[in-house]
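Residue numbers (numbering that gives the first Met the number 0): 0 to 607.
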Amino acid sequence: MGNVTQTPAQAPEAATVPPALTGGTAVVTDTGRADDSARAGRRLGRRSGTGPGNPAGTGTRSSAGRNLEGHQWIARPAEAFTPAALRHRLIGGIQSWRDYPASLRLWFWLIPALTAGIGGILRFVRLDTPRSLVFDETYYVKDAYSFLVSGYERSWPDKANDSFIAGNPGVLLDTPEYVVHPPVGKWMIAAGMWLFGPDNAFGWRFGAALTGTLSIFLLALIAQKLFRSLALGAVAGVLLAVDGHHLVLSRTSLLDIFLMFWLLAAFGALLLDRDDGRRRLAERLGRQAAASPAGHPSGLQLTAGPWLGIRWWRLTAGVCLGLAVGTKWSALFFLAAFGLLAVFWDLSARRIAGVQAWISGGILKDGVAAFLAIVPVAGITYAATWTGWFRSTDAYFRRWAESNPSVEWGWLPNSVRSLAHYHLEAYTFHQGLGSDHPYEASAWSWLVMGRPTSFYYESPERGTPGCGIDNCTTAILSVGNPLIWWSAAACLGIILFWWAGRRDWRAGAILAGVAAGYLPWFMYPERTTFFFYALSFEPFLVLALVYCLGLVLGRRTDPAWRRRSGLYLVTLFVVTAVLVSAFFYPVWTAEVISYQDWRFRMWMPSWI
């Protein structure tokens, strides 16, 4: 696997002469590179090296060195506009897992499976500890049980937690309960309770543990796709698997782990759509070129480029985003960011392919279609997640419209008006959510983990299982692995440079994910927020860190000593991160330890 550890240190350029072509015009191309940052017909020969479209180490031929040998810089239009040439220019040499050498294809799936297996062990072992409802499980777990019984949230009597923990959840009342979060995450918790019963902690946490494990598998696949490197995919999977913040949220039934999963799935679907759209563009332009006597598409055909048809992966992303919004409304910011990201990718693809009016053509033929494939699909999916509420007769606000007739909106069905009123009330609640909480954390402190949330803390007495001394502690603190989080925070500045200075599309995609999950919270400085809200963009922080570790590895064309040094440094970083996680593991999983050992792990006063 030594040939798959390379991450490119430089964004490539697919140099293509602007396409006002005539029969004998030559087209400048670089068959070793393809990227969104390609500048048509510019800087010929100024830079070499590998790039994200075709990084070295993936088993394909790439740049031979800084003196540009091995490149084919001049190609006739009949060669430049063949489907194969266009695909290579738009996507690169590795276009799917089947393009890996036969000896590596198994690893493409085995590496994510192995990292997910590691994460699954950490998440499922002792999952039923502690055997009580911790932190906001007191809301979401009981709501999930309500879903199993009636399809909507119902109220609970006083001291219902004691009955629920004792295995007697049947004390549920008949009156509806007012809640302010959509139902998807609670349905996913309910699925585990349906499988393993609502009377035990394993059953009500199974959905979260499984979702967290699957997200590790997804991130490893996404990293392999993004960086074209099996080794960096493994690094991404391992770092997410051992991080404490992700681990804690995977072992407790809060909504954020489900939100993160659907957002990550949407991003993965858009990555697949990016290649699928470029593949379609190459095939359609190639067919037009083959049908032309001149060997290239006509000037009219290259004015805006072809329509690319129905984009099924984009529709999949719309469904995933709808499910994310159906978990928490904060996913709306990702919906906007990912939609714009997909359009920008399409605009760049048309430019690289040689389309003249790539901005207007891309907006009309890709932008409008992208909106229709994502926003309405997400909206329909979101509405479908309220099916239990629609089918009920007694859910909260279910009959509001019947007692509040409207002349202006009376044409809408009563159920729709009632749900709209429900949403308005919930939005007003969120806007005014500003009560003090001992573990509230401003968004400014999230990246440095200034105030992680304590989910659980007990001081067992001497003689209880696991406690043989006078001062024992068992705790769950949602603090991340400091080495991973602090390094990732520093890497954001580095990839910002690579995006702005080198126009690396991968850096832009990672920054878009971080920005969508992080920056909107600064618009609500008065609202009570918590550190675990950062879970929604944690996978993108890990990708930012892996991006920089790829830079440490260096290019395949670098001297052997440079490659060897980079490999040693990356290996040292990953091993150290695993050891740090082992050190913090007891305060992530409620192990019984001495009070002094617990204090050793409180590295900042604000963690207590």
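The C-beta atom is built at its ideal place from N, Cα and C for all residues, glycine as well.
- Message: Can you look up proline 175 in the DSSP assignment and give me helix, strand or coil?
- Response: Strand at proline 175.
- Query: If you measure from the CB of isoleucine 607, is any heavy atom of the ligand COA nearer than 6 Å?
  - Reply: Inclusion of the ligand COA in the displayed structure is not the case, the ligand content being empty and no account of it being possible.
- Query: Which residue's Cα is closest to the Cα of leucine 213: Ala511, Ile117 and Leu418?
  - Reply: Selected option, being the one with the closest Cα: Ile117.
- Identify whether tyrosine 668 lies in helix, strand or coil by the three-state DSSP scheme. Shown here, the chain extends from 0 to 607; a query on residue 668 therefore has no answer.
- Item | Residue span of the alpha helix (DSSP H) that contains threonine 302, given as start and end | Looking at the DSSP string, the run of the alpha helix (DSSP H) that includes threonine 302 is 300-303.
- Message: Can you check which of these residues, Pro538, Asp272, Met259 and Ala419, is closest to aspartate 365 by C-alpha distance?
- Response: Closest in alpha carbon position to aspartate 365, among Pro538, Asp272, Met259 and Ala419, is Asp272.
- Query: For tyrosine 151, which residues of its own chain have a beta-carbon under 6 Å away from its beta-carbon, when the five flanking residues on both sides are left out?
  - Reply: Excluding positions up to five away in sequence, the list reads Gly387, Trp388, Ser391 and Ala394.
- Query: Exposed or buried, what is threonine 427 when buried is set at 16 or more other beta-carbons lying within 10 Å of its beta-carbon?
  - Reply: Counting Cβ neighbours within 10 Å, threonine 427 comes out exposed, since fewer than 16 surround it.
- Nearest residue (CA-CA) to leucine 331, options Ala488, Ala515, Ile494 and Arg502: Comparing Cα positions, the closest option is Ala515.
- Taking C-alpha atoms, which residue in Arg555, Val586 and Ser453 lies nearest to serine 605? For the residues Arg555, Val586 and Ser453, the minimum Cα distance to serine 605 belongs to Ser453.
- Could you spell out the range, first to last residue, of the alpha helix (DSSP H) harbouring serine 580? Where serine 580 is concerned, the enclosing alpha helix (DSSP H) stretches over 559-587.
- Message: On the DSSP letters alone, give me the boundaries of the alpha helix (DSSP H) that threonine 386 sits inside.
- Response: Per DSSP, threonine 386 belongs to the alpha helix (DSSP H) from 386-390.
- Item | Neighbourhood of valine 586 by C-beta distance below 6 Å, restricted to the same chain and skipping five residues each side | Only Ala474, Leu476 and Arg600 meet the Cβ criterion.
- In chain order, what residues of the same chain have a beta carbon less than 6 Å from the beta carbon of arginine 42, not counting five sequence neighbours either side? At arginine 42, the pLDDT of 34 sits below 50, so the modelled position is not reliable and the matter cannot be decided from this model.
- Query: Could you give the residue range of the beta strand (DSSP E) that holds leucine 476?
  - Reply: Per DSSP, leucine 476 belongs to the beta strand (DSSP E) from 471-476.
- Query: If you draw a straight line from the C-alpha of alanine 112 to the C-alpha of phenylalanine 80, how long is it?
  - Reply: Cα atoms of alanine 112 and phenylalanine 80: separation of roughly 39 Å, rounded to the nearest angstrom.
- Message: Can you tell me whether serine 359 is helix, strand or coil according to DSSP?
- Response: It is helical.
- Query: Of all the alpha helix (DSSP H) runs that stay within the bounds of the region 93-147, which reach a length of 4 or more residues?
  - Reply: With a minimum length of 4 residues, the unbroken runs of alpha helix (DSSP H) contained wholly in the region 93-147 fall at 101-123.
- With a CB to CB cut of under 6 Å and the five nearest residues on each side skipped, what residues in its chain are close to aspartate 275? Within the same chain, aspartate 275 has close Cβ partners Trp312.
- Item | Selected residue, minimal CA-CA separation from tyrosine 138, among Pro156, Asp127 and Arg122 | When only C-alpha atoms are compared, the closest one is Pro156.
- What is the DSSP secondary structure of tryptophan 468, reduced to helix, strand or coil? Per the sequence presented here, residue 468 reads as isoleucine, with tryptophan not at that position. Coil.
- Between arginine 278 and proline 305, which are expected to be in contact by the criterion C-beta below 8 Å, what is the C-beta distance as a whole number of angstroms? Not a contact, Cβ separation roughly 13 Å.
- Item | Of the residues Thr128, Ile164 and Gln287, the one placed nearest serine 249, counting alpha carbons only | Looking at the Cα atoms, Thr128 is the closest of the given residues.
- Simplified DSSP state of valine 591, which is helix, strand or coil: In the three-state reduction of the DSSP assignment, valine 591 falls in the strand class, which pools E and B.
- Message: For leucine 548 and alanine 488, which I take to be in contact (beta-carbon distance under 8 Å), what is that distance rounded to the nearest angstrom?
- Response: The beta carbons of leucine 548 and alanine 488 sit about 15 Å from each other, so the pair does not count as a contact at 8 Å.
- tryptophan 597 classed as buried or exposed, judged by whether at least 16 other C-beta atoms fall within 10 angstroms: Buried: at least 16 other Cβ atoms inside 10 Å.
- Message: At the level of alpha carbons, what is the spacing between threonine 527 and cysteine 490?
- Response: Approximately 28 Å, taken between the alpha carbons.
- Does the Cβ of threonine 575 have 16 or more other Cβ atoms within 10 Å, making it buried, or fewer, making it exposed? With fewer than 16 Cβ atoms within 10 Å of its Cβ, threonine 575 is classed as exposed.
- Item | arginine 554 - DSSP class collapsed to helix/strand/coil | Three-state DSSP puts arginine 554 in coil, outside helix and strand.
- Task: Please confirm if the region 449-464 is in contact with the region 535-545, defined as three or more CB-CB distances below 8 Å between the two stretches.
- Result: By the Cβ criterion, the region 449-464 is not in contact with the region 535-545, since fewer than three pairs of Cβ atoms, one from each stretch, lie closer than 8 Å.
- Specify, as a first and last residue, the run of the alpha helix (DSSP H) that methionine 192 falls within. Start and end: 183-195.
- Item | phenylalanine 134 versus glycine 479 - alpha carbon distance | For phenylalanine 134 and glycine 479, the distance between alpha carbons rounds to 18 Å.
- Query: Secondary structure at arginine 310, three-state DSSP: helix, strand or coil?
  - Reply: Under the three-state reduction of DSSP output, arginine 310 falls in the coil class, being neither helix nor strand.
- Message: Mapping the DSSP letters down to three states, classify valine 26 as helix, strand or coil.
- Response: For valine 26, the predicted model reports a pLDDT of 36, less than 50, meaning its position is unreliable and no value from the coordinates is stated.
- Provide the residue(s) that pair with arginine 153 in DSSP beta bridges, ordered along the chain. According to DSSP, arginine 153 bridges with Pro175.
- Roughly how many angstroms lie between the CA atoms of glycine 462 and tryptophan 498, to the nearest whole one? So the alpha carbons of these two residues sit roughly 57 Å apart.
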